[in-house]
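Every position in the sequence shown, counted from 1, becomes a number in the working numbering once 1 is added. We put the beta carbon where it would ideally sit given N, CA and C, even for glycine. Contents: one structure, followed by commentary.
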Amino acid sequence: MNKTDNSTTTNAIFYLFLALLFWLPIPLGSNRPWAWSIMEVMSYALFIGIIYTHSGNQIKAQLKPYWPLIAGLGIFVIYQALQLVPIPPTLLKAVSVNTYLIKQSILASDSWWPIALDPTQASIATLKALSYFLMMLTTLILVNNFKRLKLLLITLIVAGTWQAFYGSLQALSGNEHSFFMQLANSTAANGSFVYKNHFANFLMLTLAIGTGYLVSTLDSNRASKTSNKDNLIKLLTSLVSGKAALRIALAIMVIAIVLSRSRMGNTAFFVALTLTGLVAFGLMKQKNKSLSILLISIFIIDAFILGAYFGIDKVKQRIAQTSMQTEQRDEVNEYSFELVKLFPETGTGGGSYYSTFPLVQGSDVTAYFDHAHNDYLQFAIEYGLPATIWLAMVVLISLSHAIMAMKERRSRLLQGLGFACCMAITGMLIHISVDFQLQAPANAAYFHLILALAWLSRYGLRSSRLQNGSVN
């Protein structure tokens, strides 16, 4: 590590960054203007601090392994900003004829118009996206040793555990109003989030991080049998080493995700855990025995015992009662597909779904919808099919790197990190098919961090000094 990385200022920036990550879910998932403004100001300020404390060559060298990710997401942010730039009517007509017709019917014909139908909301979406992007860069620049990586992972786990504890306590309290901001309370846990599905998605992400961290502590398979004395010593060591505390934290988060009564939140977690576990069995063969014990314990202890006690039967009941006929969101998605057909090239602009949906809304849909209950659909509507496909490719490539990290990396921590990112990305890809998880700033910010960590798990922390015996 260079002298700059050891500076008091750089360390202060890193710890402030950890504090920001812990803070993000607390103010309603940062899903209010004042809350996401704090996120934006802090992320911008921290990145300016990084530029001040690091030379251009240092930043370039640190980011070099990750340039495809940076370019991929950076181009998307630039495209969001370009949606706000006024262009000549003839050019607008060439790139999106329906956008041109709508603008022409409202504004003067000789004006230059932006692609975004709602420039105010598009500017808000762009500022959020820039904040997520800078937090991703902050992670890639500052997490340059195993100590910082562990601190980052522990912060995410603690944030999830705190949300889980608070949400469970609030749901079981029977109070009419929440402890925080006096919102309406119910028996379904939602933590400090307004929407229980955002809460469940956040827990799914932090559960993935915690599970991956626990995987990193697993021992390799041994040819020789261990005695009862050795097993007892190993058990006592795990109790004082923090592994037991991590296991308890995971149990608390599982209780909370069950209490959320989120159908797809629970489904995404267990399906992602199962799929990632199967992949890990094939790639981490030296840990097959210990990994199988861990996964079985999660399913038996957490899913069946804790879940049965805290109400997983109610989640099953909600899933069983779900039907295409009773879910109004299915009609909403059908109408929303019409927006994709109308604006396939460039989209309607970030944050514009709620203002453009009335253009195609049918008379059988009477409720107000500010988001599509499908992030794939909402991104296609607001940014167009080419940009959405581009973004999907970035995410899938990141997923592939997390998978390869489990196979290629020698460090147990980086193998576990690959497991965590694979599980988190898989779970998110499942969950956003029925909801708008990436519209919650806290969840979107954490997902950007996970994409960064997926690349770091395969390409980061490769110096010979860092790859010594202390990396476990």
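Backbone secondary structure at residue i - three-state DSSP
| i | result |
| --- | --- |
| residue 113 | coil |
| residue 468 | Because the pLDDT at residue 468 is just 43, under 50, the model does not fix this residue reliably, and the value given afterwards should be weighed accordingly. If DSSP states are grouped into helix, strand and coil, residue 468 belongs with coil. |
| residue 1 | Any property of residue 1 remains undetermined from this structure, which presents the chain solely from 2 to 473. |
| residue 76 | helix |
| residue 107 | helix |
| residue 27 | coil |
| residue 433 | coil |
| residue 455 | helix |
| residue 245 | helix |
| residue 326 | Note that residue 326 scores 44 on pLDDT, short of 50, meaning its location in the model is unreliable; the coordinates nonetheless yield the value given after this. Looking at residue 326 - three-state DSSP - the assignment turns out to be coil, as it is neither helix nor strand. |
Pairwise C-alpha distance: residue j and residue i
| i | j | result |
| --- | --- | --- |
| residue 457 | residue 167 | 31 Å |
| residue 444 | residue 44 | 15 Å |
| residue 236 | residue 158 | Residue confidence is low: residue 236 scores 49 on pLDDT, short of 50, so the model does not pin down where it sits. No coordinate-derived value is stated. |
| residue 256 | residue 174 | 15 Å |
| residue 416 | residue 120 | 43 Å |
| residue 354 | residue 293 | 44 Å |
| residue 162 | residue 297 | 21 Å |
| residue 367 | residue 51 | 49 Å |
| residue 1 | residue 111 | Look at the range of the chain in this structure, 2 to 473, and you will see that residue 1 is not part of it. |
| residue 106 | residue 341 | 20 Å |
| residue 459 | residue 359 | 45 Å |
| residue 47 | residue 364 | 48 Å |
| residue 59 | residue 452 | 22 Å |
| residue 156 | residue 332 | 40 Å |
| residue 135 | residue 201 | 25 Å |
| residue 439 | residue 385 | 16 Å |
| residue 67 | residue 285 | 24 Å |
| residue 339 | residue 361 | 7 Å |
| residue 399 | residue 387 | 19 Å |
| residue 528 | residue 123 | The chain is shown only over 2 to 473; residue 528 falls outside these bounds and no answer can be derived. |
| residue 447 | residue 39 | 16 Å |
Residue i beta carbon near the ligand FMN (any heavy atom closer than 7 Å)
| i | result |
| --- | --- |
| residue 253 | Here there are no bound small molecules, and the ligand FMN is not part of this structure. |
Where residue i falls, given that 16 or more other Cβ within 10 Å makes a residue buried
| i | result |
| --- | --- |
| residue 61 | exposed |
| residue 436 | buried |
| residue 53 | exposed |
| residue 26 | buried |
| residue 37 | buried |
| residue 369 | exposed |
| residue 95 | exposed |
| residue 32 | buried |
| residue 13 | exposed |
| residue 8 | exposed |
| residue 113 | exposed |
| residue 335 | exposed |
| residue 16 | exposed |
| residue 371 | exposed |
| residue 144 | buried |
| residue 197 | buried |
| residue 301 | exposed |
Within-8 Å CB hit, residue i to chain B
| i | result |
| --- | --- |
| residue 263 | Annotation note: the requested chain B is absent from the structure, which comprises a single protein chain. |
Sub-8 Å separation of residue i and residue j beta-carbons
| i | j | result |
| --- | --- | --- |
| residue 351 | residue 72 | no |
| residue 207 | residue 244 | no |
| residue 80 | residue 93 | no |
| residue 209 | residue 428 | yes |
| residue 397 | residue 137 | no |
| residue 216 | residue 295 | yes |
| residue 403 | residue 455 | yes |
| residue 18 | residue 414 | no |
| residue 171 | residue 185 | no |
| residue 1 | residue 274 | This structure leaves residue 1 out entirely; the chain is present only between 2 and 473. |
Anticipated Cβ contact below 8 Å, residue i with residue j, distance rounded
| i | j | result |
| --- | --- | --- |
| residue 55 | residue 205 | Wrong, their Cβ atoms sit about 34 Å apart, outside the cutoff. |
| residue 344 | residue 382 | 7 Å |
| residue 281 | residue 407 | 6 Å |
| residue 118 | residue 349 | 5 Å |
| residue 434 | residue 377 | 6 Å |
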